[in-house]
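Worksheet: one structure, shown below.
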Amino acid sequence: MIWRSVVGKLSVTILLLVLVVLLVLTILLLQFFERFHITEAEEQLTNHANGIVNILEEYDSSSEALNIVEHIADSYNTTVVVFQNGSEWESESPNAGVHLPLSLFREDERLSRVANNEAVITHGDFPTYENGEEIHNEIFIVGMPFETAVGETGSVFLYQSLSIIEDTTGETKQIILFSAGIAIVLTAFFAVFLSSRITAPLRKMRELALEVTKGNFETKVPVVTNDEIGQLGIAFNKMRRELNQNIMALNQEKEQLSRILTSMADGVITMDRKGTMVVTNPPANRFLQAYSYEHAPDTHSEIEHLPKEVKKLFQRVVTLEKEQMIEMDVQGRVYVVLMTPLYDKQFVRGTVAVIRDMTEERQHDKLRKDFIANVSHELRTPISMLQGYSEAIIDDIAQSKEETQEIGRIIYDESRRMGRLVNELLDLARMEAGHIQLEKQWVDVSSFLEKVYKKFQGLANDAAVDLELEQKHQYSQAYFDPDRIEQVLTNLIHNAIRHTSVDGHVKIIVSNTEKQLTIEVEDSGSGIPEEDLPYVFERFYKADKARTREKGGTGLGLAIAKNIVDSHNGDITVHSKQNEGTTFRFYLPLEKDKG
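In case it helps, our numbering puts the sequence shown at residues 2 to 596.
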């Protein structure tokens with residue numbers, strides 16, 4: 002549409018303004034020239050009438066005077082009518098074929114005043130004859146009385162059709178309209194040209210503004226004038242530079258905030274007033290994924306929905322406009338959610354929630370409490386037995402040598418148990434303090450595993466458990482401390498056999514890739530309860546305390562195994578289902594060079 006363009010609006014406005022001015026001017030000029038031509042015709046006819054009157058008054062012979070009048074009428078293209086002494090005379094060359102009846106000059110009230118010595122100048126619609134037919138035309142008539150030299154009176158009338166004046170006026174009108182048309186064309190051309198020149202910088206600014214909206218701040222408005230448009234261009238360039246600097250600063254702050262959020266160990270979720278998540282960081286995404294996996298396993302990859310506990314917390318924060326906190330258990334881990342309102346002047350515009358994984362802190366608190374209780378419990382039993390059986394010896398309760406030997410054997414076993422517990426505690430403390438020393442060497446994997454397998458073959462047979470070794474490795478050698486890894490396997494295999502029922506099986510599976518060695522100990526035993534899985538590698542963990550104590554376990558074996566694997570830059574994991582079995586798997590980096 003033309004009205005959507007500045008050039009169109011400005012051009013049409015200028016054109017309409019000029020059209021109005023030209024229209025008024027044309028009307029005024031046409032009226033002026035029309036009046037001018039009528040006045041001019043009136044003066045000419047009046048002058049002609051005065052000249053004819055002078056001729057009629059000066060000549061004694063009326064015939065001579067009328068001959069001269071005939072020539073005058075013919076030269077001026079007018080019709081002359083003379084009334085003198087009751088006679089009538091009319092020129093033989095009526096103008097444009099227009100002829101008035103002579104009776105009209107006597108009967109018309111306006112024209113009859115000439116007989117009373119009054120001059121008459123009039124024009125109007127008079128009945129005329131053209132080609133014998135009576136029609137009405139606009140006629141201009143001048144009538145004057147005269148008196149000859151011999152004292153005779155009369156009147157002379159000159160009339161002329163106004164069509165001659167209209168022809169002259171029409172030509173003038175054509176010239177005026179033609180001039181107005183040329184003026185309109187020139188005005189339209191200059192209006193478009195001038196509008197284009199004026200609005201060209203504006204159109205350029207529009208194009209550059211669109212480029213700015215796309216993020217292109219390098220373009221610059223050319224300033225070629227010092228007028229208001231030039232000043233506007235200078236202001237636009239200044240705005241572009243400042244906007245570019247502000248956006249760069251905002252991007253830097255955004256990048257800095259994004260890096261801070263990404264590097265945070267705590268999860269962060271920002272929500273608007275409607276409770277819709279706006280910003281999350283990776284720890285928060287992992288928390289949401291874990292919650293979705295637990296409550297909606299089919300959509301565990303979707304993280305756009307908030308947990309219902311967090312939604313309730315959000316409602317409390319928005320309502321109370323105060324910081325609120327809850328604690329949640331998700332997938333065996335403990336999370337603390339601290340939510341704080343965000344204000345927009347006087348209103349809460351959203352909230353920010355900080356999610357902290359408190360599992361390790363809770364575990365450490367529990368382990369600190371359990372450590373003292375477990376050590377006290379583990380030491381109290383052998384000490385009590387040592388004390389009791391020592392008193393029996395002192396009180397000479399044993400009646401025979403066999404009873405004395407039995408009491409001595411029990412005291413010996415309990416003292417060994419106490420010694421083993423203390424040694425393992427010291428060994429574990431050294432490992433956790435980083436004082437473990439490894440004697441790494443190149444080890445033939447097959448020979449090493451065969452040795453461990455044969456070591457436990459007898460124990461498996463006594464427990465009626467099927468022990469199997471499955472080797473899938475491609476590389477024959479690996480670089481590790483064989484004594485320490487044997488200690489790990491001893492603990493894992495021994496636990497597997499001990500917790501596997503009769504006719505069950507224990508399988509040792511070995512495989513490797515170019516980068517790591519993987520050893521699995523799989524059993525079909527009683528399994529580990531799900532709530533105990535996070536604690537299996539902690540000190541004094543016992544899934545079956547009664548059986549462990551009965552068979553001499555201390556609850557430190559898995560903790561020691563984990564420290565040994567960690568010291569080899571490896572990793573150890575456990576997967577278990579209760580009453581279906583347990584699989585311990587540890588990975589060791591497969592180094593090809595001793596360096």
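Backbone N, C-alpha and C fix where the C-beta goes; we use that ideal spot for every residue, glycine too.
>> Between which two residues does the alpha helix (DSSP H) holding G571 run?
In response: Residue mapping note: residue 571 aligns to position 570 of the sequence shown, counting from 1. Careful: G571 lies outside any alpha helix (DSSP H) and carries neither H nor E.
> Is there contact between the segment 440-451 and the segment 468-488, where contact requires at least three CB pairs shorter than 8 Å?
Replying inline: yes
> Expressed to the nearest angstrom, what Euclidean distance is found between the alpha-carbon atoms of L470 and I529?
Replying inline: Stepping through the sequence shown from its first residue, residue 470 is reached at position 469. Stepping through the sequence shown from its first residue, residue 529 is reached at position 528. Distance from the CA atom of L470 to the CA atom of I529, rounded to whole angstroms, is 23 Å.
> Can you name, in chain order, every residue of its own chain whose Cβ lies under 6 Å from the Cβ of N118, other than the five neighbours on each side?
Replying inline: Here residue 118 refers to the residue found at position 117 when the sequence shown is read from its first residue. Apart from sequence neighbours up to five positions away, the residues of its chain that approach N118 with a beta-carbon distance below 6 Å are P146, ordered along the chain.
> For I498 versus F457, is the C-beta distance shorter than 8 Å?
Replying inline: Here residue 498 corresponds to residue number 497 of the sequence shown, with the count starting at 1. Here residue 457 corresponds to residue number 456 of the sequence shown, with the count starting at 1. Less than 8 Å divides the Cβ of I498 from the Cβ of F457.
> Residue range of the beta strand (DSSP E) that Y588 falls in?
Replying inline: The count along the sequence shown starts at 1 and reaches residue 588 at position 587. 582-590 is the span of the beta strand (DSSP E), which, as asked, contains Y588.
> Does the pairing of the segment 574-585 with the segment 401-411 give three or more beta-carbon distances under 8 Å?
Replying inline: These segments do not touch.
> For L339 versus T352, is the C-beta distance shorter than 8 Å?
Replying inline: Here residue 339 is taken as the residue at index 338 of the sequence shown, counted from 1. Here residue 352 is taken as the residue at index 351 of the sequence shown, counted from 1. No, they are not a contact pair.
> Do you know offhand how far M419's Cα is from S385's?
Replying inline: The residue given as residue 419 occupies position 418 in the sequence shown. The residue given as residue 385 occupies position 384 in the sequence shown. Each residue's alpha carbon lies about 12 Å from the other.
>> Taking contact to mean 3 or more Cβ pairs, one atom from each stretch, closer than 8 Å, check whether the segment 41-60 and the segment 147-157 are in contact.
In response: yes
> Sorted by chain position, which residues of the same chain lie with C-beta nearer than 6 Å to E89's C-beta, five sequence neighbours on each side aside?
Replying inline: Translated into positions along the sequence shown, residue 89 becomes position 88. So the qualifying residues of the chain are L103.
> How long is the line joining the alpha carbons of K552 and N496, rounded to whole angstroms?
Replying inline: On the sequence shown, position 551 is the one that residue 552 refers to. On the sequence shown, position 495 is the one that residue 496 refers to. For K552, the predicted structure reports a pLDDT of 47, less than 50, and the residue's modelled location is therefore unreliable. A value from the coordinates is still provided. C-alpha separation (whole angstroms): 10 Å.
>> Quick check on the DSSP output: what are the complete beta strand (DSSP E) runs of length 3 or more inside the segment 339-391, in order along the chain?
In response: 348-358
> In chain order, which continuous runs of the beta strand (DSSP E) of length 3 or greater are located wholly inside the segment 72-126?
Replying inline: The qualifying runs are 80-85, 88-91.
> Given I122, which residues of its chain have a CB within under 7 Å of its CB, disregarding the five upstream and five downstream residues?
Replying inline: Here residue 122 refers to the residue found at position 121 when the sequence shown is read from its first residue. Hits under 7 Å: E43, T47, V143.
> Helix or strand or just coil, what does DSSP make of V279?
Replying inline: As a working mapping, residue 279 is identified with position 278 in the sequence shown. If DSSP states are grouped into helix, strand and coil, V279 belongs with the strands.
>> Checking the sheet assignment: what are the DSSP bridge partners for R334?
In response: Here residue 334 refers to the residue found at position 333 when the sequence shown is read from its first residue. DSSP lists V331 as partners of R334.
> According to DSSP, is F141 helix, strand or coil?
Replying inline: Position 140 of the sequence shown holds residue 141. Looking at F141 - three-state DSSP - the assignment turns out to be strand.
>> Between I140 and L163, how many whole angstroms is the CB-CB distance? I'm expecting something under 8 Å.
In response: Along the sequence shown, read from residue 1 onward, the residue named residue 140 stands at position 139. Along the sequence shown, read from residue 1 onward, the residue named residue 163 stands at position 162. 7 Å between Cβ atoms; contact.
> Can you check whether the CB of I15 is closer than 8 Å to the CB of T188?
Replying inline: Here the question's residue 188 lines up with position 187 in the sequence shown. Here the question's residue 15 lines up with position 14 in the sequence shown. Yes, Cβ-Cβ distance for T188 and I15 is below 8 Å.
> Quick one, are the C-beta atoms of I248 and P202 less than 8 Å apart?
Replying inline: By 1-based counting over the sequence shown, the position of residue 248 is 247. By 1-based counting over the sequence shown, the position of residue 202 is 201. Result no, Cβ atoms of I248 and P202 do not sit closer than 8 Å.
>> Can you give me the C-alpha to C-alpha distance between S302 and G216, rounded to a whole angstrom?
In response: For the purposes of this step, residue 302 is identified with residue 301 of the sequence shown, where counting begins at 1. For the purposes of this step, residue 216 is identified with residue 215 of the sequence shown, where counting begins at 1. Residue confidence for S302 is low, a pLDDT of 44 falling below 50, so the modelled location carries little weight; the figure read from the coordinates is stated next. The straight-line gap from Cα to Cα measures roughly 34 Å.
> Just to confirm, are A181 and T80 a CB contact at a threshold of 8 Å?
Replying inline: Position 180 of the sequence shown, counted from the first residue, corresponds to residue 181. Position 79 of the sequence shown, counted from the first residue, corresponds to residue 80. Cβ distance not < 8 Å, so A181 and T80 don't count as in contact.
>> Judging by CA-CA distance, which residue of F158, D445, N86, K367 is the nearest neighbour of D109?
In response: To locate residue 109, count along the sequence shown from 1; it is residue 108. If we check each option's Cα against that of D109, F158 comes out closest.
> Does DSSP classify T200 as helix, strand or coil?
Replying inline: As a working mapping, residue 200 is identified with position 199 in the sequence shown. If DSSP states are grouped into helix, strand and coil, T200 belongs with the helices.
> Is it right to say D524 is buried, meaning 16 or more other beta carbons lie within 10 angstroms of its own, or is it exposed?
Replying inline: As a first step, residue 524 must be located in the sequence shown, where it is residue number 523. Burial call: buried.
>> With the cut-off set at 8 Å, would you say Q478 and V453 are in Cβ contact?
In response: Sequence index remark: in the sequence shown, residue 478 carries index 477 (1-based). Sequence index remark: in the sequence shown, residue 453 carries index 452 (1-based). Cβ distance not < 8 Å, so Q478 and V453 don't count as in contact.
>> Taking a contact to mean a Cβ-Cβ separation below 8 Å, would you say D428 touches I356 in this structure?
In response: Here residue 428 is taken as the residue at index 427 of the sequence shown, counted from 1. Here residue 356 is taken as the residue at index 355 of the sequence shown, counted from 1. It is not a contact, given that the beta carbons lie outside the stated cut-off.
>> Can you look up L20 in the DSSP assignment and give me helix, strand or coil?
In response: As a first step, residue 20 must be located in the sequence shown, where it is residue number 19. L20 falls in the helix class under three-state DSSP.
> Per DSSP, which one or two residues make a beta bridge with L524?
Replying inline: Start at 1 with the first residue of the sequence shown, and residue 524 comes out as number 523. For clarity, residue 524 is Asp in the given sequence; the question names Leu instead. BP columns for D524 point to V507, T583.
> In chain order, what residues of the same chain lie with their CB nearer than 6 Å to the CB of Y390, ignoring the 5 residues before and after it?
Replying inline: Counting from 1 along the sequence shown, the entry for residue 390 is found at position 389. Cβ neighbours of Y390 beyond the five flanking positions: I408, I411, I412.
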